[in-house]
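For reference, the structure discussed in these notes is given below.
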Amino acid sequence: MSTRGLVLDRTWYDQELDAACDTVSDGHPAAGAVLLAAGRDDHERRALRAEGLGRAGRELATEVTALAVDTDDDTERADLLLWLGWIRIAAAWHGTLDAERGGTPLDLAKLGDALTKAEEPLRTAARLLPDDPVPWVGLLWWALGSGADDSVRDELWAEVQRRAPSLYAGHVARLHSLSPRYGGSPERMFAFAWETVQQAPEGDPLPAVLPLAHADHLLSQRAALLAAGKARRAQRFASTYFNARMIRELETADRKWRLNARPHPRYLEAHHLFAWAFIRAGNIHAARWHMRWPGERAATVPWGYEGDPAAHYAVARDAVLNAPGFG
1 MSTRGLVLDR TWYDQELDAA CDTVSDGHPA AGAVLLAAGR DDHERRALRA EGLGRAGREL
61 ATEVTALAVD TDDDTERADL LLWLGWIRIA AAWHGTLDAE RGGTPLDLAK LGDALTKAEE
121 PLRTAARLLP DDPVPWVGLL WWALGSGADD SVRDELWAEV QRRAPSLYAG HVARLHSLSP
181 RYGGSPERMF AFAWETVQQA PEGDPLPAVL PLAHADHLLS QRAALLAAGK ARRAQRFAST
241 YFNARMIREL ETADRKWRLN ARPHPRYLEA HHLFAWAFIR AGNIHAARWH MRWPGERAAT
301 VPWGYEGDPA AHYAVARDAV LNAPGFG
């Protein structure tokens, strides 16, 4: 299956963010600073843009640091330090999924060392803009990778909730902080995911944290089996993972969102997660609705959890959209 034309990890329809990421990737950081400044009053969009620009600017930490030092405006400095923190998060996490997918356990000590430099700029950004939840989301990623204990993670999550109780990026980070991959447990992770489904505002894509929890658990268990040399068992586990109860819960979460779905910066991410889960669960009818939306915009999460993300997405999309009865 050809992956030609697919764009990986730009799961948004935000032309300004696309343009800024292109410019930043070409080595020009000023565009990123301007875009973050323009989104200060929209927490959802600001979080999305901080993450996207963080990935695009992975090689520009020195340049963004210099911009932050040079400005006399505290608000502008906060934007730049927020971006710097997300750059360092993206750089630290880059490549970790490839290792896990191949059966190599996460080296949390190495990851923690790489994340050390993210903490200070994020905390300074949080101090300079006290109402901004996005630095606290970044600090959640810092905490789960650096081995911070549960009390620290709980405090950071509380800071996010105080500022933006339904922030999609915050719930994703919190879910991962409860994952067994980072010292949590399946019980706590799934309890949080289901609580999020129940408390999500009608029409909000937040219920997508439930299929995300399943993807995370599947990756964790599969990686452990591969590391133990049990490749056949890993394959069998992945192919038979979803049971009837899980499928009913996914359908409930799906209805909570899509029956009154409204525009949201993160809706493409949510479509990817539900499409992946329903395909895995064998509910092609439900997967079709979600597969209509992402188009050429592929996502590492969740398609990269079991192989090359672009290839897995291309195969899945073709199979679902060209299945008999699609219309």
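When we follow the numbering used here, the leftmost residue of the sequence shown carries the number 1, and every step to the right adds one. Every residue, glycine too, gets a C-beta built ideally from N, C-alpha and C. These numbers were taken from a predicted model, which means no experiment stands behind them.
Thr-252 is the residue among Val-320, Thr-252 and Leu-321 whose C-alpha sits nearest the C-alpha of Thr-196.
If the five residues before and after Gln-199 are omitted, its C-beta is found closer than 7 Å to no C-beta atom of its own chain.
Between the beta-carbon of Ser-146 and that of Leu-115 there is about 5 Å, and that keeps the pair under the 8 Å contact cut. Counting along the chain, the unbroken alpha helix (DSSP H) around Pro-211 starts and ends at 209-227. For Leu-82, the three-state secondary structure derived from DSSP is helix. By the C-beta density criterion, Pro-207 is buried, having at least 16 other C-beta atoms within 10 angstroms. In this chain, the alpha helix (DSSP H) harbouring Tyr-313 covers 309-321. Judged by pairs of C-beta atoms under 8 Å, the region 40-48 touches the region 161-172, as three or more such pairs exist. When only Cα atoms are considered, Met-189 and Leu-219 end up about 14 Å apart. A direct Cα-Cα distance of roughly 28 Å separates Glu-16 from Ser-2. Arg-236 is classed as exposed because its beta carbon has fewer than 16 other beta carbons within 10 Å across all chains shown. In terms of CA proximity to Asp-216, His-176 leads the group Leu-144, Trp-276, His-176 and Asn-260. Spatial neighbours of Gly-85 in its own chain (CB-CB distance under 6 Å, excluding positions within 5 residues in sequence) are listed in chain order as Ala-118, Pro-121, Leu-122 and Gly-138. Apart from sequence neighbours up to five positions away, the residues of its chain that approach Tyr-267 with a beta-carbon distance below 8 Å are Pro-205, Ala-261 and Trp-293, ordered along the chain. For the alpha helix (DSSP H) assignment, the uninterrupted runs of no fewer than 4 residues enclosed by the region 50-80 are, from N- to C-terminal side, 61-70.
Looking at the DSSP output, Val-7 bridges to Arg-297. Assigned with DSSP and collapsed to three states, Ser-177 falls in helix.
Annotation: Ala-310 to Arg-4 spans about 9 Å, alpha carbon to alpha carbon.
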